[in-house]
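Protein chains: 2
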Amino acid sequence: MVNIGIIGVGLVGSELISQLSAHISQNGTPTFKVIALMNSTKQLLSNSSYSSLTLSSWKNDLSAKGTTSNLNSFINYLSEAPTPSIVIDNTSSQEIADSYPLFIEKGLHIVTPNKKAFSSDLKLYREIREKAAEKRRFIYHESTVGAGLPVLSTLTDLIRTKDKIIKIEGIFSGTLSYIFNEFSKLDGEKKNFSEIVKIARENGYTEPDPRDDLNGLDVARKVVILSRLTGKDLSLDTLPVENIVPESLRTLDSATEFMASLTQYDEYFQKLNTTANNDQQVLRYIGVIDPIGDKSEVKLVSLSSSHPFAALKGSDNIISFTTERFPSPLIIQGAGAGAAVTAFGIFSDLFKISDRTLF
Amino acid sequence: MVNIGIIGVGLVGSELISQLSAHISQNGTPTFKVIALMNSTKQLLSNSSYSSLTLSSWKNDLSAKGTTSNLNSFINYLSEAPTPSIVIDNTSSQEIADSYPLFIEKGLHIVTPNKKAFSSDLKLYREIREKAAEKRRFIYHESTVGAGLPVLSTLTDLIRTKDKIIKIEGIFSGTLSYIFNEFSKLDGEKKNFSEIVKIARENGYTEPDPRDDLNGLDVARKVVILSRLTGKDLSLDTLPVENIVPESLRTLDSATEFMASLTQYDEYFQKLNTTANNDQQVLRYIGVIDPIGDKSEVKLVSLSSSHPFAALKGSDNIISFTTERFPSPLIIQGAGAGAAVTAFGIFSDLFKISDRTLF
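Going line by line, the protein sequences match chains F and L.
Throughout, my numbering is defined as the position within the first sequence, counted from one, plus 7.
Throughout, my numbering is defined as the position within the second sequence, counted from one, plus 7.
Here it is, written out as structure tokens:
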């Protein structure tokens with residue numbers, strides 16, 4: 008059995024525990040055992056014989072029996088367990104990402120949807136990769152790009168079988184997918200840009216401040232992650248990223264002010280849209296990874312109505328790999344955000360590690 | 008290092024050897040070592056210390072130094088190797104598929120694009136699964152459905168993380184994809200059905216006798232494979248399959264006669280197409296897997312122009328998974344046939360086994 012310690016038990020963490028719980032209760036010999044939980048204030052460690060926590064009452068138990076969070080004691084507890092142990096980081100914390108080398112040093116495997124370790128400081132990224140190789144520990148992070156969609160696993164297969172990656176393109180943000188799928192189409196009801204952003208925000212599709220989606224940073228992180236996997240070192244500092252927040256609105260203090268002022272730019276966005284539509288094209292916000300040249304970027308583009316990205320619906324992601332073996336690209340599409348599919352990506356990664364450690 | 012023995016060195020086998028060769032020559036410590044090759048007449052086994060064969064001259068060596076093919080001696084040689092060994096079956100032979108239980112018995116792992124073991128006799132299928140579980144040996148067959156597209160790996164992840172599979176639909180035949188993508192579209196040049204089949208045959212997209220594609224058996228096998236993976240036992244005997252070879256042409260002796268007579272049915276196919284087009288729809292030949300009910304089938308359908316399958320181009324496959332977690336389906340699309348992508352699927356599977364045996 009593989010021991011699991013979970014850091015971060017919010018939306019994604021709770022969903023993951025519920026998915027793990029179904030696995031554990033339905034399998035005579037479950038593969039996984041959750042022995043430690045932690046949120047920003049409290050942690051719950053099992054006993055010295057590393058029994059499974061009671062997953063049906065974890066929320067109560069964490070709040071009633073939990074002790075003050077302490078990353079060191081949490082990690083030490085996990086690392087002293089007798090069988091393989093995986094730490095799952097469900098946070099978006101840079102501080103926890105900075106501790107991955109320590110986790111590996113302590114003998115732990117890592118699974119995470121946290122993008123920070125793979126898209127921030129290149130030095131940290133390399134340290135994690137080298138230490139993991141040296142200690143033979145595994146780090147899977149499928150859910151950092153496209154949530155549960157098999158994006159990183161597919162890219163990894165292409166790379167290690169020595170296919171030549173020519174270009175990767177995608178709509179990597181569920182939020183921006185939704186906004187432009189609604190705003191820019193060739194037929195159907197037309198709404199103002201600000202109105203669509205408002206609806207997206209009210210439905211919880213955007214960050215509390217939608218500028219955190221519209222600035223392209225989240226997409227940029229995914230482009231950096233994919234590019235680094237191909238062996239090409241990109242950095243957030245140098246990647247060209249089109250920030251579609253109008254310049255004068257970037258410095259506004261509050262999200263409320265921003266939302267109120269965005270209406271002034273409806274005409275500007277409508278003009279872009281009309282120009283595209285007049286050529287039978289639609290607007291889409293895409294990330295491009297160019298493993299051979301230097302044309303990786305994040306930008307708003309016009310695409311012909313027959314392009315696979317033009318037919319996207321809802322908040323789906325779509326990723327297209329053009330390679331030597333797939334000159335007509337290999338395309339993966341589906342929900343790329345949300346707790347259920349993010350937890351699915353994490354859970355699949357857990358199985359990949361158990362496959363590699365339990366033979 | 009993992010030992011490899013390859014049965015079948017035609018188009019796919021040769022391409023696989025070339026991909027393996029690139030891996031071996033570019034890696035300081037390659038993961039794989041090819042120690043045995045076999046075609047229908049000859050086999051080439053390496054020495055008693057299981058050194059790698061010389062991949063640059065395998066073709067000459069097999070014909071010059073090869074001995075008469077003998078499946079038993081081939082399997083015994085592989086099974087006596089000191090490290091994990093994988094036998095790759097690149098044939099479409101039922102006889103070799105029937106020997107998989109023996110391969111497992113002898114301690115070998117199996118990777119194959121051969122659909123027979125997974126879509127023929129249910130008893131054989133179960134025997135393989137049970138024996139593999141008992142002996143802890145791995146059987147990967149990604150290339151049996153959609154060649155190198157990550158179809159089976161994705162389905163496996165969905166299943167073992169306990170997602171609920173509601174429906175799987177796909178265009179699973181590169182040949183039928185090409186024929187209907189060309190024949191049934193809403194704009195562009197219109198050709199007769201028989202003419203498109205003729206072009207497909209001349210370009211090598213069809214079997215020598217195109218009736219072997221048009222009868223739907225190949226798609227049916229893929230539907231059976233996917234359905235059995237979901238836990239629902241389908242059989243070729245009971246699956247409803249629409250054979251689009253006109254009834255009077257099924258008994259014609261030769262492919263040449265068939266091709267000559269098919270023109271008599273151009274009007275029939277054109278009528279189907281026009282009816283669909285009049286409703287802004289196109290014809291597509293699809294397989295449907297229904298893991299909950301009894302509606303799995305293989306059939307020619309009309310799909311609206313906005314359906315993801317309607318925009319397919321060339322001979323691409325497309326597979327759509329509708330699940331509890333992916334109500335808006337997870338879709339995978341790309342080349343689903345051809346030596347390069349089939350060998351890629353096999354090669355990826357080899358890595359999955361090395362991951363699981365070399366920790």
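Built from N, CA and C at the ideal position, the CB exists for glycine as well.
8 Å contact criterion, which alanine 317 of chain F and serine 311 of chain F should meet: CB distance rounded:
Yes, they are in contact, since the Cβ atoms of alanine 317 of chain F and serine 311 of chain F sit about 7 Å apart, within 8 Å.
Taking Cβ positions, are glycine 114 of chain F and serine 86 of chain F nearer each other than 7 Å?
The Cβ atoms of glycine 114 of chain F and serine 86 of chain F sit closer than 7 Å to each other.
When the Cα of glutamate 264 of chain F is compared with those of F/Lys320, F/Ser59, F/Ile93, F/Pro215, which residue comes out closest?
Sorting F/Lys320, F/Ser59, F/Ile93, F/Pro215 by C-alpha distance to the C-alpha of glutamate 264 of chain F places F/Pro215 at the top.
What are the boundary residues of the alpha helix (DSSP H) that threonine 163 of chain L is part of?
Where threonine 163 of chain L is concerned, the enclosing alpha helix (DSSP H) stretches over 158-167.
Please look up how many angstroms separate the CB atoms of valine 9 of chain L and isoleucine 93 of chain L, rounded, as I've assumed it's under 8 Å.
Contact holds; Cβ gap of about 6 Å.
Beta-carbon proximity check, valine 16 of chain F vs leucine 62 of chain F, cutoff 7 Å:
Going by C-beta atoms, valine 16 of chain F is not nearer than 7 Å to leucine 62 of chain F.
Using a beta-carbon distance below 7 Å, is glutamine 7 of chain F in contact with chain L?
Summary: the structure shown does not reach residue 7 of chain F, with chain F confined to residues 8 through 366, and so no result is reported for it.
Which ranges does the alpha helix (DSSP H) cover as unbroken runs of at least 4 residues, wholly within the stretch 180-237 of chain L, from first to last along the chain?
The qualifying runs are 181-190, 200-209, 218-221, 224-236.
Grab me the residues of lysine 142 of chain L's own chain with a C-beta within less than 6 Å of its C-beta, minus the 5 sequence neighbours each way, in chain order.
If the five residues before and after lysine 142 of chain L are omitted, its C-beta is found closer than 6 Å to the C-beta atoms of Ile111, all from its own chain and listed in chain order.
What in chain L is Cβ-close to phenylalanine 358 of chain F, meaning under 8 Å?
Within 8 Å Cβ-Cβ: Asp164, Arg167, Thr168.
Proximity of isoleucine 117 of chain L and tyrosine 132 of chain L at Cβ, strictly below 7 Å:
Not closer than 7 Å, so no.
Reference leucine 259 of chain L; option with closest CA among L/Lys229, L/Arg218, L/Lys174:
Per the Cα distances, L/Arg218.
Does DSSP put alanine 342 of chain L in a helix, in a strand, or in coil?
Alanine 342 of chain L: strand per DSSP, three-state reduction.
Buried or exposed for asparagine 46 of chain L, going by 16 or more other Cβ atoms inside 10 Å?
Label assigned to asparagine 46 of chain L: buried.
Helix, strand or coil for serine 313 of chain F per DSSP?
Serine 313 of chain F carries a coil assignment under DSSP once its states are collapsed to helix, strand and coil.
Taking Cβ-Cβ distances below 7 Å as the criterion, which residues of the stretch 279-299 of chain L are in contact with chain F?
So the list is empty, because no residue satisfies the distance condition.
Under 8 Å between beta-carbons, which chain L residues line up against threonine 5 of chain F? List them in chain order, please.
Given a span of 8 to 366 for chain F in the structure shown, any question on residue 5 of chain F remains unanswerable.
How long is the line joining the alpha carbons of glutamine 271 of chain F and tyrosine 185 of chain F, rounded to whole angstroms?
Taking the Cα positions, glutamine 271 of chain F is about 21 Å away from tyrosine 185 of chain F.
Got a sec: is the Cβ-Cβ distance from phenylalanine 316 of chain F to anything in chain L below 7 Å?
Cβ-Cβ to chain L under 7 Å: no for phenylalanine 316 of chain F.
Neighbourhood of leucine 337 of chain L by C-beta, 6 Å cutoff - its chain only, sequence neighbours within 5 removed:
Excluding five sequence positions before and after leucine 337 of chain L, the CB atoms of its chain that fall closer than 6 Å to its own CB belong to Phe328, given in chain order.
Amino acids of chain F, ordered along the chain, whose beta-carbon sits closer than 7 Å to that of proline 336 of chain L
Within 7 Å Cβ-Cβ: Gly341.
Does DSSP classify aspartate 323 of chain F as helix, strand or coil?
Here aspartate 323 of chain F sits in strand by DSSP.
Tell me the DSSP secondary structure of arginine 144 of chain F in three-state form.
The DSSP-derived three-state label of arginine 144 of chain F is coil.
Rounded Cβ spacing between tyrosine 212 of chain F and glycine 181 of chain F (contact assumed at less than 8 Å):
The pair is a contact, with the Cβ atoms about 7 Å apart (cut-off 8 Å).
With 8 Å as the C-beta to C-beta threshold (strictly closer), list the residues of the stretch 8-36 of chain F near chain L in chain order.
Answer in chain order: Gln26, Ala29, His30, Gln33.
Below 8 Å, can you find three or more Cβ-Cβ pairs linking the stretch 25-35 of chain L to the stretch 201-210 of chain L?
Result no; under three Cβ-Cβ pairs closer than 8 Å.
State the start and end residues of the unbroken beta strand (DSSP E) segment that holds lysine 66 of chain L.
Not the beta strand (DSSP E): lysine 66 of chain L falls in the alpha helix (DSSP H), residues 65-72.
Which same chain residues, not among the five before or five after alanine 344 of chain L, have their C-beta less than 6 Å away from its C-beta?
So the list reads Ala154, Gly181, once near-sequence residues are dropped.
I'd like to check one pair, lysine 306 of chain L with glutamate 249 of chain L: are the Cβ atoms closer than 7 Å?
Their beta carbons are under 7 Å apart, which means glutamate 249 of chain L touches lysine 306 of chain L by this criterion.
Straight-line Cα distance separating glutamine 50 of chain L from aspartate 240 of chain F
Whole-angstrom Cα-Cα distance: 45 Å.
Residue interval of the alpha helix (DSSP H) (run including glycine 177 of chain F):
For glycine 177 of chain F, there is no enclosing alpha helix (DSSP H); the enclosing beta strand (DSSP E) has its first and last residue at 172-178.
Let me know if threonine 119 of chain F comes out buried or exposed under the rule of 16 or more other beta-carbons within 10 Å of its beta-carbon.
Threonine 119 of chain F is buried by the Cβ-count criterion.
Sub-7 Å separation of glycine 341 of chain L and phenylalanine 81 of chain F beta-carbons
No.
Nearest candidate by alpha-carbon position, reference leucine 221 of chain F, set F/Thr237, F/Met266, F/Val231:
Out of F/Thr237, F/Met266, F/Val231, F/Met266 has the C-alpha closest to the C-alpha of leucine 221 of chain F.
Can you tell me whether arginine 144 of chain L is buried or exposed, with buried defined as 16 or more other CB within 10 angstroms of its CB?
With 16 or more other Cβ atoms within 10 Å, it is buried.
So, for glycine 12 of chain L: in the same chain, excluding its five sequence neighbours on each side, which residues have a beta-carbon less than 6 Å away from its beta-carbon?
Taking C-beta separations shorter than 6 Å and ignoring five residues to either side along the sequence, the partners of glycine 12 of chain L in its chain run Ala43, Leu85, Val94, following chain order.
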